[in-house]
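Protein chains: 2
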Amino acid sequence: MNIYESDTTISQYLEFHYGDEYFGVPNYPSACVDNCLKFFNDHTSRRALDLGCSVGRATFEFAKHFAHVDGVDFSAQFIQHAITLQEEGCIRFTVKTEGDLVEHKEITLAALGYDSLKTRLHFTQGDACDLKPEYKDYNLIFCGNLIDRLYDPALFLKTIHQRLSPNGFLVLTSPYTWLEEFTEKDKWLGGRLQNGKNQTTLEGLKMCLTPRFTLQEVKDLPFVIRETQRKFQHCVAEMSVWQGTQ
Amino acid sequence: MNIYESDTTISQYLEFHYGDEYFGVPNYPSACVDNCLKFFNDHTSRRALDLGCSVGRATFEFAKHFAHVDGVDFSAQFIQHAITLQEEGCIRFTVKTEGDLVEHKEITLAALGYDSLKTRLHFTQGDACDLKPEYKDYNLIFCGNLIDRLYDPALFLKTIHQRLSPNGFLVLTSPYTWLEEFTEKDKWLGGRLQNGKNQTTLEGLKMCLTPRFTLQEVKDLPFVIRETQRKFQHCVAEMSVWQGTQ
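Chains as they are written, first to last, in the numbering used here: chain H, 8 to 253; chain R, 8 to 253.
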């Protein structure tokens, strides 16, 4: 296999999930998983769903602790790269340095310490707002940078409890970058006027998830996406941890 | 005056130049000026040109040390905001927090300590690649984040010495984000193949500026542009300091 993936978005996300750290910010998918794990012990760590898994780093990290992990993403291209890594054990890609110039990168399951995990996880393309019935009975559903990319986030939040096992956890992280390109404005959970007053996304999440969930924790988690060797997106996501009340 | 500027790009640049610092990164226009000043003493600090001055922060900072400073930008909108600050002493604007929600900001010459400087500087709209004859005899020409936004950067570099006084300085800073939207690819100074080998922008600068200039210093300078309260562009510009050889 000597093909280097050079699609800009795919390469940025491969580097984001599996590549170098910048500005001293720790790997984000791994940091998200670490923050989820404190709510679990071996007895409860059975099934996890990584919804909006992109190229799959958190899915692999969850598989260290959960007997079965499903990774689902709306993008067939992202999922295909996660599957390639799982099946072939290696992905090569290029990241931009300056203009059209690139550097070459390689990631391997062996170097990541994931070789023994690959039978525990299953990647599939799917729509978070219209999941197939078999996606259910999870102890944890993790949605990393998903909620502001859904076409109907309230519909998602008001039905996702059907997929959780009793007292299971729903963990949401997002920089709340609402864009009409992804979500019509009247479906934004926050960042707009509602009933004459400013509503934040966290307030919108509470309105959708109460009383089926109780909010266990809110914290900030930074992440960095490299665009070139001198240009980066540097964001601070908000993580909210919700436990099902039934 | 009770009007808040809410154009996204203008507001981002007003915040970038005059607003808060993020991730511990110092104010970029001020840091650029500080790095230029070590090459000057009172005797030589007569005339400076801030080319691509945007909303004008570095122009004001240079005016603390130079008897006359011209601030020139291609964008009439940017220049108009610099002039408004100079003439009215105050600009109000909004910055995005989340979605459509904003916070209100105000900058004043008084709070910036610039009140006494405003007679030393002159803002005008202009094209760096086609400057009017009166822009000349500068001891310093500073081009902050300009070179990768010109339609013909080589033409600019090969003629700019005509505007400098003997042994004057040309200072360039840029993250070298070459985009065909601004510069046709065959005019990129670097970030592409040239004569069968990868050429960096610094190499391209050397080719254009030698032997009329000698390179005095190259260093990295970070900057941060806020898009929302949780999303930022975090870049690392390269500053190169060139002294005219005649």
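Don't be surprised by glycine CBs; every beta carbon is placed ideally from N, CA and C.
These figures come from a predicted structure and were not determined experimentally.
Residues of chain R whose Cβ lies closer than 9 Å to the Cβ of Y142 (chain H) do not exist, since the nearest Cβ in that chain is about 29 Å away. Going by C-alpha positions, D144 (chain R) is about 38 Å away from F239 (chain H).
Taking every protein chain shown into account, the CB of N48 (chain R) has fewer than 16 other CB atoms within 10 angstroms, so this residue is exposed. Interface annotation, Q223 (chain H): not in contact with chain R, CB-CB separation never under 8 Å. With contacts defined as CB atoms closer than 8 Å, F176 (chain H) and F46 (chain H) qualify as a contacting pair. At least 8 Å separates the CB of L212 (chain R) from every CB of chain H.
In its chain, beyond the 5 residues on either side, L58, G59 and L179 have a beta carbon closer than 6 Å to the beta carbon of C150 (chain H). Setting aside the 5 residues that flank it on each side, L92 (chain H) is surrounded in the same chain by I98, each with a C-beta closer than 6 Å to its C-beta; the list follows chain order.
Of the candidates R:Y25, R:E68, R:R156 and R:G211, R:E68 places its Cα closest to the Cα of C43 (chain R).
In the three-state scheme derived from DSSP, where H, G and I count as helix and E and B as strand, E210 (chain R) is classed as helix. Partner residues in the beta bridge of V76 (chain R), as assigned by DSSP, are R:A55 and R:L128. For A244 (chain H), the enclosing beta strand (DSSP E) stretches over residues K238 to G251.
Here the region 99-107 of chain R lies against the region 183-194 of chain H, with 3 or more beta-carbon pairs under 8 Å apart. Ranked by how close their Cα comes to the Cα of I167 (chain H), the residues H:Q19, H:T207, H:D134 and H:E113 have H:D134 in first place.
Contact annotation: L228 (chain H) and A55 (chain H) have beta-carbon atoms that are not nearer than 8 Å. Following the DSSP letters along the chain, one finds T217 (chain H) in no alpha helix (DSSP H), marked with neither H nor E.
Here I154 (chain R) is near S181 (chain R), since their CB atoms are less than 8 Å apart. Contact between A117 (chain H) and G96 (chain H) holds, since their C-beta atoms are separated by about 7 Å, short of 8 Å. In the displayed model, F163 (chain R) falls within a helix according to three-state DSSP. Here G197 (chain R) is buried: its Cβ has 16 or more other Cβ atoms, across all protein chains shown, within 10 Å. When C-alpha distances from D80 (chain R) are compared across R:R156, R:I10 and R:G120, the shortest belongs to R:R156.
In the structure shown, the three-state DSSP call for C43 (chain H) is helix. Taking 8 Å as the cut-off, the beta carbon of N146 (chain R) is found closer than this to the beta carbon of R53 (chain R). Residue state for P229 (chain H) is assigned as strand, using DSSP reduced to three classes. A direct Cα-to-Cα measurement between T131 (chain R) and D77 (chain R) gives close to 8 Å.
Closest by C-alpha distance to E245 (chain H), out of H:K125, H:G251, H:V225 and H:E234, is H:V225. Put simply, the CB of C242 (chain H) is near chain R, with a gap under 8 Å to one of its CB atoms. By the rule that beta-carbons nearer than 8 Å mark a contact, R233 (chain R) does not touch chain H. About 10 Å separates the beta carbons of L164 (chain R) and C136 (chain R), which is beyond the 8 Å limit, so they are not a contact pair. Boundaries of the beta strand (DSSP E) around T180 (chain R): L171 to S181. Residues of the region 194-207 of chain R whose Cβ lies closer than 7 Å to any Cβ of chain H, in chain order: W195, G197, G198, R199, N205 and T207. By the neighbour-count criterion, in which 16 or more other beta carbons inside 10 Å mark a residue as buried, E28 (chain R) falls on the exposed side. Residues of chain H with a Cβ closer than 8 Å to the Cβ of E105 (chain R) are, in chain order, Y183, W185, G197, G198, T207 and T208.
Within the region 15-40 of chain H, the residues whose Cβ lies closer than 7 Å to some Cβ of chain R are F30, listed in chain order. The Cβ of L108 (chain H) sits closer than 8 Å to at least one Cβ of chain R.
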